[in-house]
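A.B. asks: Take a look at this one; I'll ask things after.
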Amino acid sequence: MPHRPHIPSPGRRTVLRGSLLVPAAAALPSAVGAAPALALAGRPEAAWGVQVGSVTASSALVWVRSDRPARMLVETAATESFRRARRWFGPLIGPGSDFTGTTPLYGLPAGEQVHYRVTLADPGDPRRTGRPVYGTFRIAPARRRDGVRFLWSGDIAGQGWGINPDIGGYRVYEEMRRLDPDFFLCSGDTVYADGPLQPSVTLPDGRTWRNVMTEEKAKVAETLDEYRGNFRYNLLDRNVRRFNAQVPSVVQWDDHEVRNNWYPGQILDDARYTEKNVDILAARSARAFHEYFPVSTPHGSYGT
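Going by the numbering used here, the sequence shown opens with residue 211, and the numbers climb by one from there.
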């Protein structure tokens, strides 16, 4: 691995404003780290990249999303050559989790760099596998005095600003990736489920901001599939996927994952919603949140 540059201590919370998007069919991701980008016909494809979370001094949780039912396999090694790799057999992933899955890793070396690759296999024929997707992360140090360096931000795709392909998408993620922190603390508002996007926005200077659009981002989220689509939206951005493949995250839950300033028991007086019971909305969003991030906290503890 290259020498890591010095990372200054983060100051006040940096708001992630960058965003990009045109019709989503033109923005479908290719697998991060998978080469070449063309899918193997009829085999599972991990086009949404990989993520790592819940990192301790000896363990971590690896996330992936398939395009069809698949068995998840993770390999870890000390180097990119994957010599003497360890194998971790993960779950069978399918529509019940929107084709997302996580595999826990244990007995990892404290403070060391870990390289990993995720392969998805056909459940009916384990020899039929898609192209592996690669990532890397650092295990937390065993001693507190060894220290860690991290970045802190949040508020992704809010106030109508989505992924704008004209400016290169969420470019801030690429800048953060280059800093090579030990982890990223995403301090809530990981999506704006209550903030639909418009295809374009006219800026004060007359220029046009374009958003990549998906069906789920064209209205407020109410159904489980709509909440899933909000979390999936940010993974359309290549910068996000490259960042996720290199930097583990600690992800927090805030309010816009459901609705601005919501509270348990709230009944909405908002014409945009056909489902007025916020407890129902929160439960759906909490399930999608848990499906789309590598977090070990059971989804039942969120939002209710």
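Heads up, the beta-carbon is just placed ideally off N, CA and C, and yes, glycines get one too.
Report the rounded CA-to-CA distance for residue 300 versus residue 416, giving the unit in angstroms.
C.D. replies: So the two alpha carbons sit approximately 51 Å from each other.
A.B. asks: Use the C-beta contact count for residue 531: other C-beta atoms within 10 angstroms, 16 or more gives buried, fewer gives exposed.
C.D. replies: For residue 531 there is no data in the structure shown, the boundaries of the chain being 211 and 514.
A.B. asks: Between which two residues does the beta strand (DSSP E) carrying residue 326 extend?
C.D. replies: Element bounds for residue 326: 323-332.
A.B. asks: Rounded to whole angstroms, what is the Cα-Cα separation between residue 286 and residue 418?
C.D. replies: Distance between the alpha carbons of residue 286 and residue 418 is about 45 Å.
A.B. asks: Cβ atoms of residue 460 and residue 393: under 7 Å apart, would you say?
C.D. replies: A contact, by the Cβ cut-off of 7 Å.
A.B. asks: According to DSSP, is residue 336 part of a helix, a strand, or is it coil?
C.D. replies: Residue state, collapsed to three classes: strand.
A.B. asks: Can you list, in chain order, the residues of its chain with a C-beta nearer than 6 Å to that of residue 254? Leave out the 5 residues immediately preceding and following it.
C.D. replies: If we look at residue 254 and ignore the five residues flanking it on each side, its Cβ neighbours are 276, 278, 280, 330 and 340.
A.B. asks: Ordered along the chain, which non-local residues of its own chain (more than five positions away) have a Cβ less than 8 Å from that of residue 410?
C.D. replies: Excluding sequence neighbours, residue 410 sits near 418, 419, 420 and 421.
A.B. asks: For residue 469 versus residue 404, is the C-beta spacing smaller than 7 Å?
C.D. replies: Yes.
A.B. asks: If you reduce the DSSP assignment to three classes, tell me which class residue 311 lands in.
C.D. replies: Residue 311 falls in the strand class under three-state DSSP.
A.B. asks: As a quick exercise: from 480, 364 and 374, pick the residue whose alpha carbon is nearest that of residue 464.
C.D. replies: Out of 480, 364 and 374, 364 has the C-alpha closest to the C-alpha of residue 464.
A.B. asks: Spatial neighbours of residue 181 within its chain, please: C-beta separation below 6 Å, excluding the five flanking residues on both sides.
C.D. replies: Since the displayed the chain opens at 211 and closes at 514, residue 181 lies outside it and no answer follows.
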